[in-house]
Amino acid sequence: MTILDYLFNSIVVLFVLLGLFFFFTATLGLVRFPDFYCKLQAIGKGDTLGAMLILFGVVLYILKENFSLDTVLVSLKILIIIFFIFLANPTATHAITKAGIDIGITPITKEDLKK
């Protein structure tokens, strides 16, 4: 393996580890945050970014291993999935938040935290 292979593999590993970091912080936010809306915000942002980074690392790895028409098409499909996640996750989070507001879940206030 050449130095460029090590550098490229390091970039792929960096994307995957960053994605795992954002998944971990989203899970930590789900466990630690006190409010329905705070938890939704943590999960909505963390899962979206985590999934996008991991899938982009997979795209880079696939293209590096064997650059052919098949791998380009698979990578293009994964990029379309990344775009769908970019649109669908925030939309779903917004819909769940709107449903919470509609059924009367109140946000936590400073007075609630003092109790």
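Under this note's numbering, the first residue of the sequence shown is numbered 11, with each subsequent residue one higher. Every residue, glycine too, gets a C-beta built ideally from N, C-alpha and C.
Between the stretch 80-93 and the stretch 43-60, do at least 3 Cβ pairs fall closer than 8 Å? Three or more Cβ pairs closer than 8 Å define a contact, and the stretch 80-93 falls short of that threshold against the stretch 43-60.
Using the C-alpha atoms, what's the distance from S78 back to T12? Near 21 Å, if we compare the C-alpha coordinates of S78 and T12.
Taking the straight line between their C-alpha atoms, what separation do you get for E121 and D112? The alpha-carbon atoms of E121 and D112 are separated by roughly 23 Å.
F93, enclosing alpha helix (DSSP H) - first and last residue: 79-113 is the span of the alpha helix (DSSP H), which, as asked, contains F93.
What does the Cβ neighbour count give for A109, buried or exposed, with the cut at 16 atoms within 10 Å? Taking every protein chain shown into account, the CB of A109 has fewer than 16 other CB atoms within 10 angstroms, so this residue is exposed.
Suppose you measure from the CA of L83 to the CA of K74; what does that come to, to the nearest Å? Between the C-alpha atoms of L83 and K74 there is a straight-line separation of about 14 Å.
Thinking G67 and F32 are a contact (beta carbons under 8 Å), I'd like their distance in whole angstroms, please. Here G67 is actually not in contact with F32; their C-beta atoms are around 12 Å apart, not less than 8 Å.
Please name the residue in D45, D15, F46, P100 whose C-alpha comes closest to that of M62. Here the closest residue by C-alpha is P100.
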